[in-house]
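Q:
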Amino acid sequence: MALIVQKYGGTSVGTIERIKNVADRVIKEYKSGNKLVVVVSAMGDTTDKLIKLMKGVTSDPDPREADMLLTTGEQVSIALLTMAIQERGYPAISLTGSQVQIKTNDHHNKAEILGVDNNRLIEELDQGKIVVVAGFQGINSNNDFTTLGRGGSDTTAVALAASLGAERCEIYSDVEGIYTTDPRVVPEAVKLDYISYNEMLELAHLGAKVLHPRSVELAKAYNLKLYIASSFNYKPGTVVKGVDDMEKRRSVTGVTCEKDEVKVTVQKVPDRPGVAGKIFKELARYNINVDMIIQNLQYDNRNDITFTINKEDLIKCKKVIYRIAEELNAGGVEIDTRVAKVSIVGAGMISTPGIAGKMFEIMGNENINIQMITTSDIKISCLIRENQAEKALKTLHRQFELGNITQKQAR
23 MALIVQKYGG TSVGTIERIK NVADRVIKEY KSGNKLVVVV SAMGDTTDKL
73 IKLMKGVTSD PDPREADMLL TTGEQVSIAL LTMAIQERGY PAISLTGSQV
123 QIKTNDHHNK AEILGVDNNR LIEELDQGKI VVVAGFQGIN SNNDFTTLGR
173 GGSDTTAVAL AASLGAERCE IYSDVEGIYT TDPRVVPEAV KLDYISYNEM
223 LELAHLGAKV LHPRSVELAK AYNLKLYIAS SFNYKPGTVV KGVDDMEKRR
273 SVTGVTCEKD EVKVTVQKVP DRPGVAGKIF KELARYNINV DMIIQNLQYD
323 NRNDITFTIN KEDLIKCKKV IYRIAEELNA GGVEIDTRVA KVSIVGAGMI
373 STPGIAGKMF EIMGNENINI QMITTSDIKI SCLIRENQAE KALKTLHRQF
423 ELGNITQKQA R
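Residues in the sequence shown are numbered from 23 upward in steps of one, following the working numbering.
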């Protein structure tokens, strides 16, 4: 008897009929003799609706109260799914993040899981029950509700699978696997049979919405294979796994686009030691993640420091950055929300010369101006105008011939 953790996203449980479909899928796995923990997101666009309600009350919600509100979405879906399973004659119980004792740090809205108390889970599983757990949530040191950030249900599922020593972790949504790029934008995109942890981690950080980055980090740390597939059919999905160094690696495996980028420039900052440290240390104190960074020497021993953040952090960033700019006697702050980040990712990039040059040439031929660049061993990202993002995505996918990818099915 194997222990399996399955996760179903919001679209998979967006209606009563879809909840019944998930119940049938879960029961099918249960009838095969496996123990099952099922992690569920809030129904459909419930979280967006809750955020809209919250914004109708305040533009600057208290983080603790925001989490108190947002955790209610998953409680609806886990209860309904559990009822659907019970209605079919099978034992099941729903548990919230607090009941499972998913312990997190104190960072509301973007909490990180510190540990899981498995006692309640194991007790219910040993009684033969299907355990349905609320994703996206946990409790902090004060026993207050916390949320893990958008896509956090993936992280819940992987954390539970790792802590329980599950045989596998399956992530189900409305997509059939990991593609070379977004198939809704590029119809020629190819579904990958497998992808490495490192490549998937970069894609997740760079805008691919299929998996939350922290879920991939956890899976890699515990060498836990992830299986990504659709909840609406039984077509083969994508396996996320470690890749042997001897396996052939493509120079470029995927292309992503992130439109939720904001470019922030602190103008005419005094050119002296410690200034950049002060800026980014203060941003970190408010849990604001910074991506690209450029410092340009301007004149009179003053610099422009430019960096990018995600749009969800913009309100917090404004509070911090205007204050710091004034403290530093900087020339001002400029914020540009009309930007996007396009990236190419591939494990073989590190050993293939000329990939960056080819990417920049492709962009130049399409008259796409690059504002900022950042790289790692297996990725190259460029900040461009938002209205050119889809053209860049399609062109890079075509020029790197990603529509021609063929791979053996991962075993």
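All C-beta atoms, glycine included, are put in the ideal place defined by N, C-alpha and C.
Predicted model, so just to flag it, every value in this text is computed and none were measured.
Give me, in chain order, the residues of the same chain whose beta-carbon lies closer than 6 Å to that of residue 339; leave out the 5 immediate sequence neighbours on both sides.
A: Counting only Cβ-Cβ distances below 6 Å, and skipping sequence neighbours, we find 310 and 331.
Q: Please check the pair residue 350 and residue 297, which I expect to be a contact at CB under 8 Å, by giving their CB distance rounded to whole angstroms.
A: Indeed they touch by this definition, with Cβ atoms about 6 Å apart.
Q: Output needed for residue 317: all residues of its chain with C-beta closer than 8 Å, excluding positions within five of it in sequence on either side, in chain order.
A: Result list for residue 317: 298, 325, 326, 327 and 328, in chain order.
Q: Could you tell me the distance, in whole angstroms, from the CA atom of residue 150 to the CA atom of residue 113?
A: Their Cα atoms are separated by approximately 7 Å.
Q: For residue 394, list the residues DSSP reports as bridge partners.
A: Per DSSP, 405.
Q: Check whether the stretch 207-220 touches the stretch 417-427, counting contact only when three or more Cβ pairs, one atom from each stretch, lie closer than 8 Å.
A: Yes: at least three Cβ pairs fall under 8 Å.
Q: Is the stretch 366-386 touching the stretch 111-131 in the sense that three or more CB pairs, one from each, lie closer than 8 Å?
A: The stretch 111-131 vs the stretch 366-386: no contact.
Q: With a CB to CB cut of under 6 Å and the five nearest residues on each side skipped, what residues in its chain are close to residue 274?
A: Excluding positions up to five away in sequence, the list reads 366, 368 and 422.
Q: Note the first and the last residue of the continuous beta strand (DSSP E) segment covering residue 237.
A: No beta strand (DSSP E) holds residue 237; the alpha helix (DSSP H) holding it covers 235-243.
Q: Check this for me: beta carbons of residue 383 and residue 417, under 8 Å apart or not?
A: It is not a contact, given that the beta carbons lie outside the stated cut-off.
Q: Indicate whether the contact test is met: 3 or more Cβ pairs, each with one atom in the stretch 236-244 and one in the stretch 352-365, closer than 8 Å.
A: Contact between the stretch 236-244 and the stretch 352-365 is absent, because fewer than three Cβ pairs lie under 8 Å.
Q: Looking at residue 220 and residue 400, is the spacing between their C-beta atoms short of 8 Å?
A: Yes, they are a contact pair.
Q: Please check the pair residue 126 and residue 161, which I expect to be a contact at CB under 8 Å, by giving their CB distance rounded to whole angstroms.
A: Indeed, because the Cβ distance is near 7 Å, the residues count as touching under 8 Å.
Q: Any chance the stretch 59-70 sits against the stretch 152-159, with 3 or more Cβ pairs inside 8 Å?
A: They touch, by the three-pair rule.
Q: Using the Cα positions of residue 143 and residue 122, report the straight-line distance between them to the nearest angstrom.
A: If I take the Cα positions, the gap works out to 7 Å.
Q: May I ask which residues mark the beginning and end of the alpha helix (DSSP H) holding residue 337?
A: Element bounds for residue 337: 336-349.
Q: From what residue to what residue does the alpha helix (DSSP H) around residue 52 run?
A: Counting along the chain, the alpha helix (DSSP H) containing residue 52 begins and ends at 38-53.
Q: Does the beta-carbon distance from residue 173 to residue 259 come in below 8 Å?
A: No, the Cβ-Cβ distance between residue 173 and residue 259 is not below 8 Å.
Q: For the alpha helix (DSSP H) containing residue 167, name the first residue and the last one.
A: No alpha helix (DSSP H) holds residue 167; the beta strand (DSSP E) holding it covers 167-169.
Q: What three-state label does DSSP hand residue 275 in the structure shown?
A: Note: residue 275 maps to coil in three-state DSSP.
Q: Starting from residue 92 and walking both ways along the alpha helix (DSSP H), at which residues does that stretch end?
A: 85-92 is the span of the alpha helix (DSSP H), which, as asked, contains residue 92.
Q: Is it the case that the stretch 191-211 contacts the stretch 280-288, given that we only count it when at least three CB pairs across the two stretches are under 8 Å?
A: They do not touch, by the three-pair rule.
Q: Would you decide whether residue 209 is buried or exposed? Buried here means 16 or more other CB atoms lie within 10 Å of its CB.
A: The residue in question, residue 209, is exposed, as its Cβ has fewer than 16 Cβ neighbours within 10 Å.
Q: Exposed or buried, residue 374, counting other C-beta atoms within 10 Å across all chains shown (16 or more means buried)?
A: Flag for residue 374 reads exposed.
Q: Going straight from the alpha carbon of residue 100 to that of residue 346, what length do you get?
A: Each residue's alpha carbon lies about 44 Å from the other.
Q: DSSP state of residue 362, grouped into three classes?
A: Reduced to three states, the DSSP call for residue 362 is strand.
Q: If you follow the alpha helix (DSSP H) that residue 443 is part of, which residue opens it and which one closes it?
A: Nothing about residue 443 can be reported from this structure: the residues present for the chain run from 23 to 433 only.
Q: Restricting to Cα atoms, I'd like to know which of 32, 62 and 28 is closest to residue 50.
A: Closest by alpha carbon: 28.
Q: Whose CA, out of 250, 226 and 322, lies closest to the CA of residue 277?
A: Of the candidates 250, 226 and 322, the one whose C-alpha sits nearest the C-alpha of residue 277 is 226.
Q: Mapping DSSP to helix, strand and coil, what is residue 72?
A: Helix.
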